Amino acid sequence: ADWACPDQPPPLNRHLSNKSMSVSSDLDTIEKELARLTALSKEADRVLSDPSADVPVGLRNELSQLHGNANSLLATRLDAILTGELNSGREVARARRKEMIRAAEALIEHVEQQVRKIDERAGR
Numbered sequence: 001a002d003w004a005c006p007d008q009p010p011p012l013n014r015h016l017s018n019k020s021m022s023v024s025s026d027l028d029t030i031e032k033e034l035a036r037l038t039a040l041s042k043e044a045d046r047v048l049s050d051p052s053a054d055v056p057v058g059l060r061n062e063l064s065q066l067h068g069n070a071n072s073l074l075a076t077r078l079d080a081i082l083t084g085e086l087n088s089g090r091e092v093a094r095a096r097r098k099e100m101i102r103a104a105e106a107l108i109e110h111v112e113q114q115v116r117k118i119d120e121r122a123g124r
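full-length UniProt numbering puts the first residue of the sequence shown at 1, with every later residue one more than the last.
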């Protein structure tokens with residue numbers, strides 16, 4: 001069909017509602033923060049991968065702060081995302097939120113393991 005023809009309606013474009021766009025934007029922001037926190041944890045993994053190397057001063061505190069930030073991200077930001085009111089973007093938002101919750105929980109557990117590894121090396 002030639003959509004340029006004036007007697008033909010244009011093809012339908014599916015647009016997200018303002019609420020769905022807002023939630024999507026919030027999820028994008030949270031996703032970036034989660035990626036930043038995950039990158040910090042991976043950097044700590046590189047440092048901790050050599051069992052004979054000294055643990056840098058302050059790494060445990062940095063990981064404790066990262067743990068707190070990840071918990072805060074989960075408890076105050078991800079849990080605050082409400083998808084029930086959405087129509088146009090509900091399923092995508094729910095799936096993204098669920099995946100980010102899983103990733104945040106996994107990050108929190110991993111950081112706890114990293115702190116335990118540091119404590120074991122320090123004989124705590």
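Glycine included, C-beta positions come from ideal geometry on N, C-alpha and C. As the structure is a prediction and not an experimental result, all values here were calculated from the model.
Selected residue, minimal CA-CA separation from residue i, among the options
| i | options | result |
| --- | --- | --- |
| His67 | Gln113, Asp54, Pro51 | Gln113 |
| Asn69 | Asp54, Leu37, Ser17, Ser88 | Leu37 |
| Gln65 | Ala44, Met100, Ser20, Ser52 | Ala44 |
| Ala122 | Val55, Ala39, Thr29 | Val55 |
Residue i vs residue j beta-carbon contact at 8 Å
| i | j | result |
| --- | --- | --- |
| Ala103 | Leu34 | yes |
| Val23 | Leu86 | yes |
Rounded separation between residue i and residue j - CA only
| i | j | result |
| --- | --- | --- |
| Arg116 | Arg60 | 9 Å |
| Asn18 | Val92 | 15 Å |
| Glu62 | Val111 | 10 Å |
| Leu16 | Gly89 | 6 Å |
| Met21 | Ala95 | 15 Å |
| Asp50 | Ser25 | 39 Å |
| Ser52 | Glu120 | 13 Å |
Sequence-distant residues of the same chain with beta carbon closer than 7 Å to residue i, five excluded per side
| i | result |
| --- | --- |
| Arg97 | Leu27, Leu78, Ile81, Thr83 |
| Asn71 | Ile108 |
Residue i at chain B interface by Cβ criterion, 8 Å
| i | result |
| --- | --- |
| Leu73 | Any reference to chain B falls outside this structure, which holds one protein chain only. |
Nonlocal neighbours in the same chain, by C-beta distance under 8 Å from residue i, ignoring five residues either side
| i | result |
| --- | --- |
| Glu105 | Leu74 |
| Met100 | Leu27, Ile30, Glu31, Leu34, Leu78 |
| Ser41 | Leu63, Leu66, Leu107, His110, Val111, Gln114 |
| Val47 | Ala53, Val55, Pro56, Leu59 |
Residues near residue i by beta carbon distance below 6 Å, same chain, minus five either side
| i | result |
| --- | --- |
| Ile118 | Val55, Arg60 |
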